[in-house]
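Just so you know, the sequence shown maps onto residues 3 to 329 in our numbering. In this text, a Cβ means the ideal position worked out from N, Cα and C, and glycines have one as well. These notes are about the structure you will find just below.
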Amino acid sequence: MVTGAAEPMRWTRKDLIGLEDLSRAEIEMILDTAPQFLAVSQRESGIKKVPLLQGRLVVNWFFEPSTRTRTSFELAAKRLSADTLTMNVQASSAKKGETLHDTLDNIEAMHSDIVVIRHNHAGVSRMLAERHHSQIINAGDGAHEHPTQGLLDAFTIREHVRKMRQDPAASLDGVRVAIIGDIAHSRVARSNVWGLTKLGAHVTLCGPRTLLPPGIDRMGARVTCDLREAIHDADVVYVLRIQLERQAKCLFPSMREYIRLFRVDAESLKAAPGHAIIMHPGPMNRDLEISSDVANGPRNVILEQVTNGVAVRMAVMHLLVNGHRRE
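Printed below as a string of structure tokens:
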């Protein structure tokens, strides 16, 4: 009896809410889909579109300021040939007391397909996904998760590892990532911990003790307040933005103190291996959490993260809409 080949995995989820929800296989499926869309953006013909979401409507619904994420999603949708609608929250009916459910009901009455939402309260995207038929993508909910940032970061690291090892099939197993800064308020840090540890990487979190939330080590990361200890064996040094709006709460003594103990600069990087790359989710506070010479230096892959973000978000939207179908 001849046994047929195993059927390839297909995407089955309606929404993307967080990397905590996903299996390693699901994360790798997104990462493995992204290169074809990176190639679309790099076409020599200049035609940077494919018709995979032609006729679909993607709604960007952002309750917090955003430049990179919002424009990245909008560009990703357009490159998939989708129609896009950006909601002006400041002029929306939410200001008149309309509930999020009522607003989304009205959006869906216009036959939306994908709704990309960023909200300052954790859990909003999941709440909407459970009740509405639109496919919800969480673009950041409070200090909970930012899954597409975690995915694009994992993709960027994996591409670098594969290039460095000259192995197109290299995984993130055993790769060491140090995440530095305001861990307590960072949804990016949480998505990266969930995503990278599931992919086999070793993650170290580092920052002032007041910016390290209790129990964060239970997510599978090592925790330290010593920058040089955190980066001494790191393959990746990931710098988080210091959220200056929170400094009014005096979560660390002073900017000068933070710079002395936690800034990633030429001096502190002497403790890291020479091959370590520098990452930052943006926007940067130059010369606060990261020095300009490091941000502009040859080891940073910050703009690669931006480029890869469009491809990864194209992959996510394609899989949500088309991934369950047989090729």
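Worksheet item: Residue range of the beta strand (DSSP E) that I181 falls in?
Response: 178-182
Discussion item. Buried or exposed for E291, going by 16 or more other Cβ atoms inside 10 Å?
Written reply: buried
Item to complete: Figure out for me which residue from H134, H148, R178 has the closest Cα to the Cα of V239.
Response: R178
Discussion item. Determine whether the beta carbon atoms of V312 and A78 lie at a separation below 7 Å.
Written reply: yes
Item to complete: Could you tell me if L305 is buried or exposed, where buried requires 16 or more neighbouring beta carbons within 10 angstroms of its beta carbon?
Response: exposed
Item to complete: Going by CA-CA distance only, name the one from V303, T226, M281 that's closest to L242.
Response: M281
Practice prompt. Would you list, in sequence order, the uninterrupted alpha helix (DSSP H) runs of no fewer than 4 residues that lie entirely inside the region 102-188?
Written response: 102-111, 126-133, 149-167
Discussion item. Quick check: the region 134-143 against the region 159-174, are at least 3 beta-carbon pairs closer than 8 Å?
Written reply: no
Item to complete: Quick one: residues in its chain with C-beta nearer than 6 Å to the C-beta of G152, no 5 flanking neighbours on either side, listed in chain order?
Response: L21, S193, N194, G197
Discussion item. Please return the same chain residues whose Cβ sits closer than 8 Å to the Cβ of K200, not counting the five positions on each side in sequence.
Written reply: L21, L24, S25, R26, I29
Fill in: Whether G209 touches I185 by CB criterion (7 Å)
yes
Discussion item. Do V52 and I116 have their beta-carbon atoms positioned less than 7 Å apart in this structure?
Written reply: no
Fill in: Endpoints, alpha helix (DSSP H) assigned at F39
26-43
Item to complete: Please say whether A180 and T158 have beta carbons closer to each other than 7 Å?
Response: no
Worksheet item: Distance, Cα to Cα, W13 vs M257?
Response: 46 Å
Discussion item. Within 10 Å of its beta-carbon, does Q307 have 16 or more other beta-carbons around it, so buried, or fewer, so exposed?
Written reply: buried
Worksheet item: Should M31 go down as buried or exposed, given a rule of 16 or more other Cβ atoms within 10 Å for buried?
Response: buried
Item to complete: Report the partner residues of C208 according to the DSSP bridge assignment.
Response: I182, T226
Worksheet item: Are the beta-carbon atoms of D118 and A84 separated by less than 7 Å?
Response: The residue you asked about is not Asp; residue 118 is Val in the sequence shown. Against a cut-off of 7 Å, the Cβ pair of A84 and V118 comes out as no contact.
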